[in-house]
Structures are given as structure tokens and as C-alpha cells.
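Data block below; observations after.
Protein chains in written order, with the working numbering: chain A, 5 to 230; chain B, 7 to 269.
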């Protein structure tokens, strides 16, 4: 078979992406757990682990650049390599959001939680499901599944709106809660961004498969500033 | 997931030490130092007239056939000095095979082309086995196994070139020199040879001269860039990992050559 070595390299990059995705999921769950259990040690662990994700992304990118420079990929091969770079960047940023949640944990663990966390873990589950689905769609070049991920982003955005208004009520009722409520709002914002980045991965998959950009891009704009 | 590479001492199949070449009074290559690792593909690239083929032909002493040619410096083949007094170029060429720009099968059957080297070399094993093994290694066996008695010249260009590779392999060399082996082939036959090189490097060391920079990028582990100076004397400008040469070369002449701005 022609170009089997090149194809083997593409497969290896795909496994690197899966590994990065697994690390992002794990680190996000740990960050949430640290927040819920007010566990500063675990939060510090999450912050430390982000370096590994960053390093993986650096490696992934230089491998892709090397292949583009030496192998003259065209058509789908070129889209694949460009997409892998893009997805790597998305995953690296997701890792940063997990790290952000861990840093918030370090700021607030000494105080009791404002309220039991219910919607934030739900949001995290939805966002991480989107991450898994988007990576699976990407690995299997499954455009249909990728479109599902794009559609699921609405549920995360709705939860984010709900949390936002709920925390606003806390703050209005008792200004002493402003700091803790704001921290939780940041956490929700980080999760909303993770879901958005998963949507970006799904859109990248659609582009990879079809060669066309996803038409629902506008709908997926950052709603966190509303 | 990548794992950290274990430190392994790299063995070198060939080492060039201060190799300087002359045609008559003209110096054409100056002071090349370069170590070619075993079981890798090393590409020599550079503009026309940069001495790529001359340097390659120094290795198996093909230049000895040119009366005005002279070489200073040393080329080591393992621990063996290829230019030591008394060393036999014919024996060297069994160890260091060569494939040329245009496929040049003998006007003999496919079988006899491959069996030619072992026969004159006094090979006394089963000739059929070595012919099959060599044709398999050259990824040609499946295409020719039912027509071994036909002339090698009846094959397509790409098949002929693979036949020449099989012929080179039949004398069991450890290094294969390829001098622009795909320049007479179409893109698909070219890819077939390139793919074959990835297989061959598991058992052999390959040095390829190519004027096709993209091909060097695709096939090689290391790349050497030769460039002539204003006196038309070729220098080794840079020699490094191919991925580095093509993404972040050290020398600005390499950058300019790789990006098509000089040469």
C-alpha cells in the first residue's frame, strides 16, 4: 500500500489526541472533585498536571508541522493534519479551564460552599460528554455524531444561564455572598467554555469530513457575556 | 502517546572525514564531514552541479573509473577504510550496492538479472531462493513470479527499477546507494519506490541522491544539503534530521534552498 508510513503517522497522531482528551477529562473531573470536597491538595495536583497536557500539545503540533513540511499532504490528508493541530489547541485550552477551576478551589476552599453544587456538576457532565462525543466523532470521521455535539451545546448554555441568574439572586439578597458567588460563576463559565471548545472540535470534524465549515458556527458564539 | 526515547548509541554505516574531490585541477567538493546512521535513509540534496552524485559515487568507488578524478580525506565503512591501499573496489561494490537514475536491467530474463551477481560471486546456495527473496524484498515478486523467464526489458519503468533494486539486493549488501532512482518514473511508480525504501531501511542503510527536495522530505530520516560556492566548489551546508531541516534549519542557505528562494 502506498504511503503506509504516512498513514501510520496519522494514526499515531490520532492516538495522541485521544490520550490528550482522556487527560483533559480526568483533570476536569479532578478539579470539580477538588471544588466539591474543598480539597486543596487535589487542586494543586490538577494545576501541576496541566503541564503534561501542554507538553503533549507542543509535541503534537511539532509532529504535524514536521509532516506538513516533509510529506506534502494534500486534500483530506492536509485537512486531517490541520484539524489535528486545531483539535490539539482546543484540548490544551480545555486543560487550562480545568486548571482555572482548580485555582478557584484554592481561593475558596477555606470557606463553606455557598450552596450544595448541583447544576455545576451537571454542567460538567454535559460538557465532558460533549468532549468525549466530539473526539469520538473526530476519530471515526462521523459527521452525524459531530452535528449532535453541536446541538447539545444549547443544553450547556441553558444551564449556564440558569446558574448565572440563580447566583445573581444570591448576590442581590446578600452582598456578603458576592465573592463566593462570583467564584462559582467563574467555574460555570469555565465549563461553558469547555463545552464550546468541544463544539469547535465537532465543527472541525465536519470540516474534515465534508470540506465545508459547519453552518451553525454563528449559533455557537460565546454566550458568556450576555 | 509518545514515550521518551531510550538513549541508544547510534551506529554509523558510513563516515565521511574531510572528503574533498577533484576532477583534474578543479576542486568540486570540499571537506565533507558526515556520519550516515545504520538503518536510516539519508538524503543528499542540492542544486544541479552541487556534487551530489559525485559524493555518492565516492562511496563505492565508482569515480575510480574516471581517470582525472582524485579524492582526499577518508570514507569509513564501519571500521574499514574504503580507500585503504589494496582495498578492492569490486568487493566494496558487493557490500555497497547502487541503483541508478534510469533503470538499467540487463537484456536477460528477470530471473537472470537477479541471479547475475550471486552467480559471478560464486554463490553456492539455492539460486532460486535468493532470486525469490530479493524480488520479494524489492516488492516485485507478486508481479513477476509467473514470468521469471521473460526479459527484464518487458517490465514497466517502475518495475524495471525495482528489478534493479532486487539485483542490487541479491549480492546481500549492507548499504544501498540510490542516485536519483525515481527521476525517470511517474508519480505512482515513484511512490512505490519510496514506500519500498521504508521497508528496505529495516535491513539496509540507504543513501539517496535526489534533485527532488520534496522526495527527500518524504523518504529520509536525515538530509544533507550540498551547495556550490562562488568558485563552484560544493560544501556540505547542513546535515541534520530531515524534520528539522524542513521546519527549522540552522543555516540560512538551507532555509533559502528549502523554501525555493535559491538554487
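Don't be surprised by glycine CBs; every beta carbon is placed ideally from N, CA and C. As the structure is a computational prediction, the values presented were derived from the model and not from experiment.
Asked                                                                                                                            : Found
Where residue 75 (chain A) meets chain B, residues with beta-carbon distance less than 8 Å                                       : 223, 224
Those runs of the beta strand (DSSP E) which lie wholly inside the region 120-199 of chain B and span at least 3 residues        : 181-185
Continuous alpha helix (DSSP H) stretch holding residue 85 (chain A): start and end                                              : 79-112
Closest residue to residue 77 (chain B) among B:44, B:35, B:211, B:152 (Cα-Cα distance)                                          : B:35
Own chain residues within Cβ distance below 6 Å of residue 98 (chain A), not counting five before or after                       : 28, 198, 201
Beta-carbon gap between residue 106 (chain A) and residue 39 (chain A) smaller than 9 Å                                          : yes
The region 54-65 of chain B touching the region 21-38 of chain B, judged by at least three CB pairs closer than 8 Å              : yes
Enclosing alpha helix (DSSP H) for residue 28 (chain A) [first to last residue]                                                  : 8-41
Inter-residue spacing [alpha-carbon to alpha-carbon] between residue 293 (chain B) and residue 134 (chain B)                     : Nothing about residue 293 (chain B) can be read from this structure; chain B reaches only from 7 to 269.
One or two residues paired with residue 103 (chain B) in a DSSP bridge                                                           : B:182
Element boundaries [beta strand (DSSP E), containing residue 244 (chain B)]                                                      : 240-247
Chain B contact for residue 96 (chain A) (CB, 9 Å cutoff)                                                                        : no
Of the residues B:23, B:47, B:33, B:98, the one placed nearest residue 236 (chain B), counting alpha carbons only                : B:33
Within chain A, the residues that residue 220 (chain B) reaches when beta carbons sit closer than 9 Å                            : 74, 75, 76
Per DSSP, the bridge partner or partners of residue 115 (chain A)                                                                : In the DSSP output, where bridge partners are listed per residue, residue 115 (chain A) has none listed.
Start-end ranges of the beta strand (DSSP E) lying completely within the region 11-89 of chain B, minimum 3 residues             : 18-29, 32-43, 47-51, 75-83
CB contact below 9 Å: residue 174 (chain A) versus chain B                                                                       : no
Test item: CB-CB of residue 244 (chain B) and residue 256 (chain B) under 9 Å                                                    : yes
Under 8 Å from the C-beta of residue 9 (chain A): neighbouring residues of chain B                                               : 201, 204
Under 8 Å by beta carbon: chain A residues contacting residue 252 (chain B)                                                      : 70, 73, 74
Neighbour-count burial assignment, residue 8 (chain B), 16 or more Cβ in a 10 Å radius                                           : Annotation note: pLDDT 40 at residue 8 (chain B) (below 50); position unreliable, no value reported.
Own chain, CB closer than 6 Å to residue 184 (chain B), minus 5 neighbours either side, in chain order                           : 105, 214
Extent of the continuous beta strand (DSSP E) run through residue 228 (chain B)                                                  : 228-234
Chain-ordered neighbours of residue 249 (chain B) on chain A, where CB pairs are closer than 9 Å                                 : 66, 67, 69, 70, 71, 73, 74
CB contact below 9 Å: residue 191 (chain B) versus chain A                                                                       : no
Cα-Cα separation, residue 56 (chain A) to residue 66 (chain A)                                                                   : 16 Å
Test: residue 88 (chain B) CB closer than 9 Å to a CB of chain A                                                                 : no
Within 9 Å, strictly: CB atoms of residue 141 (chain B) and residue 182 (chain B)                                                : no
Cα-Cα separation, residue 72 (chain A) to residue 224 (chain B)                                                                  : 10 Å
Anticipated Cβ contact below 8 Å, residue 189 (chain A) with residue 32 (chain A), distance rounded                              : Going by Cβ atoms, the distance from residue 189 (chain A) to residue 32 (chain A) rounds to 17 Å, so no, they are not a contact pair.
Whole-angstrom C-beta distance between residue 229 (chain B) and residue 69 (chain A), which should lie under 8 Å                : No, residue 69 (chain A) and residue 229 (chain B) are not in contact; Cβ-Cβ is about 16 Å, not under 8 Å.
C-alpha distance - residue 214 (chain A) paired with residue 108 (chain A), whole-angstrom precision                             : 40 Å
CB contact check: residue 9 (chain B) to chain A, cutoff 9 Å                                                                     : Confidence is the limiting factor: at residue 9 (chain B) the pLDDT is only 45, short of 50, which leaves the residue's position unreliable and the question unanswerable from this model.
Contact belief for residue 144 (chain B) with residue 190 (chain B) at Cβ below 8 Å, rounded distance in angstroms               : Actually they do not touch by this definition, with Cβ atoms about 17 Å apart.
Span separating the alpha-carbon of residue 18 (chain A) from that of residue 25 (chain A)                                       : 11 Å
Spatial neighbours of residue 120 (chain B) in its chain, beta-carbon cut-off 8 Å, leaving aside the 5 residues before and after : 136, 137, 140, 141, 169, 172, 173, 176
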